[in-house]
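For the record, the sequence lines run as chains A, B, C and D. Under the working numbering, the residues of the first sequence are numbered 16 to 302, in order. Under the working numbering, the residues of the second sequence are numbered 16 to 302, in order. Under the working numbering, the residues of the third sequence are numbered 686 to 1318, in order. Under the working numbering, the residues of the fourth sequence are numbered 686 to 1318, in order. No residue lacks a Cβ here, since even glycine has one placed at the ideal position from N, Cα and C. In what follows, a structure is listed as structure tokens, so that the remarks can point back to it.
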Amino acid sequence: MNTKGIKLWEENAVPKHRIQWCPGCGDFGVLAALKQALTELEVMPHELLLVGGIGCSGQIRNYLNGNAFHGTHGGALAYGLGAKMANPDLKVICLAGDGDTLAIGVENFVHVCRRDPDMVLLVMNNGVYGLTKGQDSPTAGLGQPDERGSREEHPPMVDALLLALASEATFVAQSFSGDVKHTARMIVEAIQHPGFAFINDFSPCVTYNRFNTYDWFRERVEYVPDDHDPSDRDAAWRLVREFARRGKIPLGVVYRNPRPKRPQRRLPMWEDELSGVDLDPVLAGYR
Amino acid sequence: MNTKGIKLWEENAVPKHRIQWCPGCGDFGVLAALKQALTELEVMPHELLLVGGIGCSGQIRNYLNGNAFHGTHGGALAYGLGAKMANPDLKVICLAGDGDTLAIGVENFVHVCRRDPDMVLLVMNNGVYGLTKGQDSPTAGLGQPDERGSREEHPPMVDALLLALASEATFVAQSFSGDVKHTARMIVEAIQHPGFAFINDFSPCVTYNRFNTYDWFRERVEYVPDDHDPSDRDAAWRLVREFARRGKIPLGVVYRNPRPKRPQRRLPMWEDELSGVDLDPVLAGYR
Amino acid sequence: MGPEGEAVRVNHVKLLVGGVQLRDGVTTVTDILGKIFTRAGLFAVAMEKGYASTIYGAHQFDPMLVTEEPPVSYGDAEVDVLVALDYDSNPDAPEQPNRDTVLRHGGKLRDGGILVYDSSTGEIPTGALEARGIQVFPIPARRIAQAELKREIVKNVVMTGALFRLLQFDSDETYLRQLLEERFLRKGREVVELNLQAARRGRQEVERVLEANGYELPVRLEPRPGRHRAVYISGNECLGLGAIAGGVRFYAGYPITPASSILEFMEQWLPRYGGRALQGQNERESIRAALGAALAGVRSMVGSSGPGISLKVEEFGVSGATETPVIVVDAQRAGPSTGMPTRPEQGDLNLVIGGGHGDFPRIVLAPGTVEECYTLMLEACELSDKYQCPVFFLTDLNLSEGKKTVLEEVFRRPQVVRHGIVREEVRSKPYRRFEITPSGISPRSVPGTPGVVFKASGAEHDEFGFVSIDPRKRAAMMEKRMRKLDTYLREDWKPPQVFGSVRGNPVLVGWGNTRPVLEEARLLLQRRGVPVALVHFTHVFPLHRRKLEALFADAGPVVVVEQNFSGQFADLLQRELRIATRRVNKYNGVPLYPTEVAEAVLQALRREGAVVRIGGDSQPVPVEVGRNEHEGD
Amino acid sequence: MGPEGEAVRVNHVKLLVGGVQLRDGVTTVTDILGKIFTRAGLFAVAMEKGYASTIYGAHQFDPMLVTEEPPVSYGDAEVDVLVALDYDSNPDAPEQPNRDTVLRHGGKLRDGGILVYDSSTGEIPTGALEARGIQVFPIPARRIAQAELKREIVKNVVMTGALFRLLQFDSDETYLRQLLEERFLRKGREVVELNLQAARRGRQEVERVLEANGYELPVRLEPRPGRHRAVYISGNECLGLGAIAGGVRFYAGYPITPASSILEFMEQWLPRYGGRALQGQNERESIRAALGAALAGVRSMVGSSGPGISLKVEEFGVSGATETPVIVVDAQRAGPSTGMPTRPEQGDLNLVIGGGHGDFPRIVLAPGTVEECYTLMLEACELSDKYQCPVFFLTDLNLSEGKKTVLEEVFRRPQVVRHGIVREEVRSKPYRRFEITPSGISPRSVPGTPGVVFKASGAEHDEFGFVSIDPRKRAAMMEKRMRKLDTYLREDWKPPQVFGSVRGNPVLVGWGNTRPVLEEARLLLQRRGVPVALVHFTHVFPLHRRKLEALFADAGPVVVVEQNFSGQFADLLQRELRIATRRVNKYNGVPLYPTEVAEAVLQALRREGAVVRIGGDSQPVPVEVGRNEHEGD
Ligand SMILES: Cc1ncc(C[n+]2csc(CCOP(=O)(O)OP(=O)(O)O)c2C)c(N)n1
Ligand SMILES: Cc1ncc(C[n+]2csc(CCOP(=O)(O)OP(=O)(O)O)c2C)c(N)n1
Ligand code: SF4
Ligand code: SF4
Ligand SMILES: [Mg+2]
Ligand SMILES: [Mg+2]
């Protein structure tokens, strides 16, 4: 790996020894993978807009060089959408937790999937609300044959991949932060995808999720087979469902099917672009 | 039909001649179907809780006998959830528009599907925000091979059935208010389903959606074939997708797979149930 | 007054057009009228919209005042000419063949006024009206359209023709023909001719009645062409224009009455100026996307009404804390909750000044007129950019959707200034996005600027934007943000407009869209010998305490007139100035009218602490509820 | 004061335990201490929580005051005993082997106090502290735990043993043994013994230092067993208990600091009382479900903090307009936006009194103590039921999560009264859910009642609940709803608690959770010869104007002390009473302390209109930002 490049990603960031994740937190793997991917793609920090969710995961925005924004819980995708519409030259990466994205943020998730802005969403999925100390998130219960669903209080988990597929996402991938190289690969492909790219990264919470541990994942992850046709939405649904039936977790690109896009330009924002515009065409209609 | 029964549904309701839907509005068919279904099931109005969405559709709550509630745009399912959890004896029917349910209300839709309360959601899907005068709803564009998706402003439509399937709904059906008898049948089955039952009813907006007309639907609707296995989630996905490929619209129960439920009781609410409770078991833990 | 002996009133007439919503095309008619009168050099004001939030079937009405010179306000509720487009019987009273419009508004017709109605299904007993000297014109417009012209749709053109005849206007069809040609020529000349034919039939019917009854028409409209350039336009359209002129290039909204038309305007026009408009999938997507666009450097705006503003509250704090500017239009309607979506109110002031947890800077502006929807919006654009905080822009249903004749000279094009944006790295010192400054304003930058990187967070942070709970940093950052309001008060706040002399006189106080009515009420009071002053606010929050204390120091009793229940602005005045306020409040969903305001003010002047409720009772009066007059939401 | 010559202080000691968050188990230690001291008949107060919102790695500290009699407040920041659980070097200053806790809090140690720290990785230079007469006890707790006892986890028990020795407490291990048995006996007696062994090793280490240095310990805690029954409990737990006793059987929350523990409490206990607790999937699902449950007849409550309260704003209007009651707990934290999630503030008052479009009735209560979290919650339950509107219950981070010894006599069990619920049809007249009544309160019913059907709507409606925009019905309905507040003020509002005499004296004013500190500040001022009165509010909104005017009529200068920037309650007082307020504000995230409040009040008394900012500057002082002291959100 290009260590000089990686160093770049540590400027304008919280110093390493002050990173406040629990030792062993899965988010460390995502941070490493991001640095690798951005270095590989030769992205410059000033071109980046990292939009953090609220959660342990969302803090990654400050652990990495690049412009960053952090607003409300569940809002990352919508801020990113607006920024990208305003300036298509920005590289917008939304970095959020499973709770942030799929609980309170599902209102944005479903719609931004289908809006398909050219940006990345990486969810650090740990099955819990880490930052609020371990309550069930919508992805809680992965692999646990419990009595979920028998009461309204404990619904079955959301499978983020199926939800993304139903919501017309054009790029749906899955990774595991214990496999940094593969996660980095997914990030590279997501950034390269011309449209909305969703990566569901399993990033274990070592403090509050003692069930879905690194070992637990290692026993279950399997790369998406080579013969899978990622451009086939139905095949993608089948693949996810088949893995689930076998108690396995697919890693890789599950679905990729870019849509033809109209080219967009940065919106006018400088004085010379804005001043003294001619309102006559509008006024004409009211005369 | 039992006309005496149907008369019952016109008490405690806005008189017919004051119903403020456009002549020919698809919601009239839903109103008729509801009356038929409730009469057939011999439900009593006082047992009913009709939760209306905000929209032309949501007004149906006042056009029908039965207790009714109407809060915020997009909130019907969550109010219903709470009411049902509080009193499982109530028959809760949420009646809302496609905009209400799938735009602003998608935050509830996804989660209430998986929570699976024993209540009904009937969406009067007309592809537009009727009450605010015809803007695109998330289901806008049905059957229109336009350039949706080429820009963030005009995303492809949400297929409510697929979204419900991905969200772990246990009953997913579709109807067309031009076919009142079938709609009534779906409502009966939905009420009988022990869990959350979602009916996506196509109810044409004759004023603002001049594309998806009654005739347009009549040419495209097809009953779900008898050999479809509604208990198979993958088959349900396939069925919806296959119909779509053929440019057809399935009517009927697409998916039905009740979950085992823990029985629930009405929560204590009367003075004798609430007064003078013993706090000692709680206090003991703090001594 | 009957018409006898009275001179014909020229170029001053108040009309009211009513009918069944959607079906009868009430606004289609008034839109044509307003446009034509404007072209004719007159002033048309149609700001008292009467409609239901259900799409079809409720009663709808649209009053319009037409005058020679710009009127102070839309005047009182009394009308000279009542135009009833509905042709069938009232469903609530099937026993009488009367029409809804006549039933509801007949009482507003002045003695000696004119009633014209569609008599296609029979004539109405109008003896009581005629006894008041009212001239009644039954026109079988729909029957003519259906039977003679074979196009039901032209029934309103028949009525328009009739109305023009009654107003003794456009007898040579110049104005009507031009408008019809603009609209229908592309459909073929026959369509234009058919419409003109319809209008002529309306005229003929009026002639017939005139002759039969020997009526002399009491009003006349005379064109004053070429005096000025003017448009017939709504408040929402004006503020949309203002936003475009002020540099807004991103707009997001979620449909809601009465803000939807801003979204429509922006969808239509922003792309032409290189901008984009987004219909959010919910209220929060809208404002979040706007904040994202603002972060990226684009002037951004959202618009909604009460329910949607309530839903956005959390994001206002994000704007305040991350110092990401956004203009928030709140086109108020009557609350609480869904309330009365098509009725005006000024009930959201507390929400926009208090909504949000914790303290953060914000500015609230409220235009007093359609014209100010443009001019004040230019200011809003500059303020949001300069102060990097939410700027609220409060209109209400009538100001938003009501239309009037506006002189084009109002639409001056400003020089857009981007305030203190760092466009490249200054190598000597690291860039501090949230630098502690005396003004509270820190150097902004936009992502993508080479060599400059910043972190912005709704969590408390240091000057670089990194999260911190260090008490000193927190205190300094909180103070810095709030200091922006001091700077604003010093450099940009505008004092209220003062009409008359405050000294020793009773003072009427208002804010936002009520100004025209209050101005007129003041004139009425003066005419009655009450020397009342009017103090009217557009820069509603924060208030400049010192300057206002000076203003009110020697004032007589202060009467705050608001269209809400509790007197939200009066509360704010009390809180800031600790002066005693008397209050006049109206909250029944009907617009304010000058005469009732003048009456109420007189009542309020009678005793300290008075609260006068127009159209309301302080007693518990059971209301009659037997007849369900259902309206939608 | 050094310890020489000073008598040993019995049963009055302030401790502070610090360490690295999550890793060092700071609260585990203080929770054990608080519980044991409470069992020993003493009073423990740990209400100044110091932690970061990130889970791991930040500095955490937990002060605790232990006394013989119930203390007025938690006292000043000064501590007698500092316990440093962290054992490694400060990552920001790797050059010095000091520990974070000692670095940060050494300055708070009183002269002659005690420092005990984990010296496992080496000793600290403590000369400066020793020069102040501070007795220093380096205890290699972690090393003992790892090397001797082979279980790192018992390191804190070593420290606890040491601390008990330092406090000359529990020398026969009665209390510690009992607690350990309760916790660990089910894991085996060896576990209990291992822990006791660890505690003994801590004691031994202290003995060693005592002998080596010839220290005489300055403080002592003596048990006072059997005086009373008491629990060691948090505000959130107390309000949860209050809700259960008050009849709440449905609770919904979405996790958020500092309200999460209410959800946990309710999930644990509601089912036992037949109720249900729902973790919403978002803030709105929570309150909507609670409204649904309330509609169905169940007393319902939600809890959140600033961001979640902001998100619920639209639903408050639904509650107000549909007259569906709900209790809304706002456990305030420092805003705006994400702000400082683990720091206290009183910054949401404007939000809860003004959030929402349009006017609707609401009641705001704010308990002053942990005890009142119980007693006032009983009132909230009754009020929400009686007035059928949202009742807000404002605590803050420290009141919510802080724990103290509470006498069990506080937990009286009330008779629950359901107000005016129609349980069956009265055939003589149709049921009017929204009947216009003199009190504003209408007869409620619940769905499922045979023969009774009602429609409830957030849209304006008639007495039956059908939608209407009829101006008279609207006015009557609006007035009816708002009249409930008059009834509340007449029948249920509680005046503020008054300490001392207001007449002619300076008056300190506070609301909610600051009462203990203000009481103590008042005592300090009195001791200094300033005869200040304290007026403290729990019934914060609406305010009873007439009664309060009378109360303040002959008062001296009024100083409102609040933990927020702008003085939100002072603003409310000005708005309602038009009295001049001076203000003391603190908003740096640090709790208020009695001595600083007393000082600030003295300053505020010096001139009219004074605003004194504790821990803040009115000047623009650039803060040093070089060292990123990152905290999470
Ligand atoms: C509106 C709002 N509600 C609740 C919270 C509290 N909150 C902070 S983080 C979080 C959940 C985080 O879970 P997740 O997104 O899975 O992130 P993780 O910490 O697991 O990485 C919650 C509920 C908040 N900040 N804002
Ligand atoms: C928070 C909020 N935003 C917007 C609105 C305005 N509004 C009322 S109905 C409606 C859309 C209705 O569309 P749909 O749900 O499809 O119902 P339809 O009228 O088509 O039956 C909207 C956006 C509102 N009432 N509340
Ligand atoms: S709590 Fe879990 S998610 Fe949060 S930092 Fe620790 S391990 Fe990571
Ligand atoms: S606008 Fe459309 S949905 Fe609404 S009542 Fe008319 S036809 Fe029905
Ligand atoms: Mg998580
Ligand atoms: Mg619709």
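message = Quick check: what's the CA-CA separation for Lys720 of chain D versus Arg302 of chain B?
response = Residue mapping note: residue 720 of chain D aligns to position 35 of the fourth sequence, counting from 1. Residue mapping note: residue 302 of chain B aligns to position 287 of the second sequence, counting from 1. Going by the C-alpha atoms only, they are around 7 Å apart.
message = Taking a contact to mean a Cβ-Cβ separation below 7 Å, would you say Ser1153 of chain D touches Val998 of chain C in this structure?
response = What you label residue 1153 of chain D is simply residue 468 of the fourth sequence in a count that begins at 1. What you label residue 998 of chain C is simply residue 313 of the third sequence in a count that begins at 1. In this structure, Val998 of chain C does not lie closer than 7 Å to Ser1153 of chain D by Cβ.
task = Out of D:Ala884, D:Thr1090, D:Leu718, state which residue places its alpha-carbon closest to the alpha-carbon of His913 of chain D.
result = Residue numbering aside, residue 913 of chain D sits at position 228 when the fourth sequence is read from its first letter. Out of D:Ala884, D:Thr1090, D:Leu718, D:Thr1090 has the C-alpha closest to the C-alpha of His913 of chain D.
ask   = Along chain C, which residues have their Cβ under 7 Å away from the Cβ of Leu145 of chain B?
value = Working through the second sequence from its first residue, we reach residue 145 of chain B at position 130. A quick correction: the sequence has Gly, not Leu, at residue 145 of chain B. The answer, in chain order, is Ile740.
ask   = Less than 6 Å between the CB of Ile717 of chain C and some heavy atom of ligand 4, yes or no?
value = Start at 1 with the first residue of the third sequence, and residue 717 of chain C comes out as number 32. Outside the cutoff, so no.
ask   = In chain order, what residues of the same chain have a beta carbon less than 7 Å from the beta carbon of Gln882 of chain D, not counting five sequence neighbours either side?
value = Residue 882 of chain D sits at position 197 when you count from the first residue of the fourth sequence. Around Gln882 of chain D: Leu834.
key: CB contact below 7 Å: Gln1073 of chain C versus chain D   = Within the third sequence, the letter at position 388 stands for residue 1073 of chain C. Closer than 7 Å: no.
request  = Alpha carbon to alpha carbon, how far is Leu767 of chain C from Thr786 of chain C? Give it in angstroms, no decimals.
outcome  = Counting from one through the third sequence, the residue named residue 786 of chain C turns up at place 101. Counting from one through the third sequence, the residue named residue 767 of chain C turns up at place 82. Looking at the two C-alpha atoms, the distance is approximately 9 Å.
task = Kindly list the residues whose CB is nearer than 7 Å to the CB of Val1269 of chain D, restricted to its own chain and excluding five residues on each side of it in sequence; keep chain order.
result = Sequence index remark: in the fourth sequence, residue 1269 of chain D carries index 584 (1-based). Around Val1269 of chain D: Val1244, Val1246, Val1282, Ala1285, Val1286, Ala1289, Val1297, Ile1299.
message = Among the candidates D:Gly792, D:Leu1262, D:Val1220, whose CA atom is the shortest distance from the CA of Pro1191 of chain D?
response = Counting from one through the fourth sequence, the residue named residue 1191 of chain D turns up at place 506. The shortest Cα separation from Pro1191 of chain D among D:Gly792, D:Leu1262, D:Val1220 belongs to D:Val1220.
request  = May I ask you to check if the CB of Ile740 of chain C is nearer than 6 Å to at least one heavy atom of ligand 4?
outcome  = Here residue 740 of chain C is taken as the residue at index 55 of the third sequence, counted from 1. Indeed, a heavy atom of ligand 4 lies less than 6 Å from the Cβ.
request  = With DSSP as the reference, label Ile1012 of chain D as helix, strand or coil.
outcome  = On the fourth sequence, position 327 is the one that residue 1012 of chain D refers to. Ile1012 of chain D falls in the strand class under three-state DSSP.
request  = Can you pull the chain A residues whose beta carbon is under 8 Å from the beta carbon of Asp249 of chain B, in chain order?
outcome  = Position 234 of the second sequence, counting from 1, holds the residue named residue 249 of chain B. In chain order: Trp252, Arg253, Arg256.
ask   = Would you call the segment 213-225 of chain A and the segment 132-147 of chain A in contact, with 3 or more CB pairs under 8 Å?
value = yes
inquiry  = Tell me the residue span of the alpha helix (DSSP H) that contains Phe1237 of chain D.
reply    = Here residue 1237 of chain D refers to the residue found at position 552 of the fourth sequence. Its alpha helix (DSSP H) spans residues 1230-1237.
ask   = Roughly how many angstroms separate the alpha carbons of Tyr1072 of chain C and Ser919 of chain C, rounded to a whole number?
value = Numbered from its first residue, the third sequence carries residue 1072 of chain C at position 387. Numbered from its first residue, the third sequence carries residue 919 of chain C at position 234. Their Cα atoms are separated by approximately 29 Å.
ask   = Excluding the five sequence neighbours on either side, which residues of its own chain have a C-beta within less than 7 Å of the C-beta of Tyr94 of chain A, listed in chain order?
value = In the first sequence, the residue the question calls residue 94 of chain A occupies position 79. The residues are Val66, Phe84, Gly86.
task = Kindly indicate if chain A contains any beta-carbon less than 7 Å away from that of Asn967 of chain C.
result = Here residue 967 of chain C refers to the residue found at position 282 when the third sequence is read from its first residue. Closer than 7 Å: yes.
inquiry  = With a threshold of 7 Å between beta-carbons, can Ala981 of chain C be considered close to chain B, or not?
reply    = For this step, residue 981 of chain C is matched to residue 296 along the third sequence. Taking Cβ atoms only, chain B never reaches closer than 7 Å to Ala981 of chain C, which makes this a no.
query = Under the criterion of a Cβ to heavy atom distance below 6 Å, does Ser72 of chain A qualify as lining ligand 1?
reply = Looking up residue 72 of chain A in the first sequence gives position 57. True, at least one ligand heavy atom lies under 6 Å from that Cβ.
message = Please classify Val693 of chain D as buried or exposed, where buried requires at least 16 neighbouring CB atoms within 10 angstroms.
response = As a working note, residue 693 of chain D is residue 8 in the fourth sequence. When all chains shown are included, Val693 of chain D counts as exposed.
query = Excluding the five sequence neighbours on either side, which residues of its own chain have a C-beta within less than 7 Å of the C-beta of Thr942 of chain C, listed in chain order?
reply = Translated into the one-based positions of the third sequence, residue 942 of chain C becomes position 257. Within the same chain, Thr942 of chain C has close Cβ partners Ser738, Ser990, Arg1018, Pro1026, Thr1027.
Chain D within 7 Å of Val138 of chain B, Cβ atoms only = In the second sequence, counting from the first residue as 1, residue 138 of chain B sits at position 123. Not an interface residue.
message = I'd like the list of long-range same chain contacts for Ser971 of chain C, defined as Cβ closer than 6 Å, with 5 residues on each side in sequence excluded.
response = Locating residue 971 of chain C in the third sequence gives position 286, counting from the first residue. Excluding residues within five positions, the ones whose Cβ falls inside 6 Å are Ala937, Gly938, Tyr939, Gly965, Val987.
query = Could you give the uninterrupted runs of the alpha helix (DSSP H) lying entirely in the segment 45-85 of chain A, keeping only those of 4 residues or more?
reply = none
ask   = Which residues, taken in chain order from the segment 1117-1135 of chain C, show a beta carbon closer than 8 Å to some beta carbon of chain A?
value = Val1131, Pro1132, Gly1133, Thr1134, Pro1135
message = Give me, in chain order, the residues of the same chain whose beta-carbon lies closer than 6 Å to that of Phe854 of chain C; leave out the 5 immediate sequence neighbours on both sides.
response = Position 169 of the third sequence, counted from the start, is the residue given in the question as residue 854 of chain C. These residues qualify, in order along the chain: Leu906.
ask   = Opposite Gln189 of chain A in the DSSP bridges: which residues?
value = Here residue 189 of chain A refers to the residue found at position 174 when the first sequence is read from its first residue. Beta-bridge pairing links Gln189 of chain A to A:Asn215, A:Gly267.
inquiry  = I want to see whether chain A comes within less than 7 Å of Gly1317 of chain C, judged by CB atoms only; does it?
reply    = Residue numbering aside, residue 1317 of chain C sits at position 632 when the third sequence is read from its first letter. Because Gly1317 of chain C sits at a pLDDT of 48, beneath the cut-off of 50, its placement in the model cannot be relied upon, and the following sentence gives the value as read from the coordinates. Not one chain A Cβ lies under 7 Å of Gly1317 of chain C.
request  = Compare the beta carbon distance of Ala731 of chain C and Gln706 of chain C with 7 Å and say whether it is the shorter of the two.
outcome  = For the purposes of this step, residue 731 of chain C is taken as residue 46 along the third sequence, with counting starting at 1. For the purposes of this step, residue 706 of chain C is taken as residue 21 along the third sequence, with counting starting at 1. Their beta carbons are not under 7 Å apart, which means Ala731 of chain C does not touch Gln706 of chain C by this criterion.
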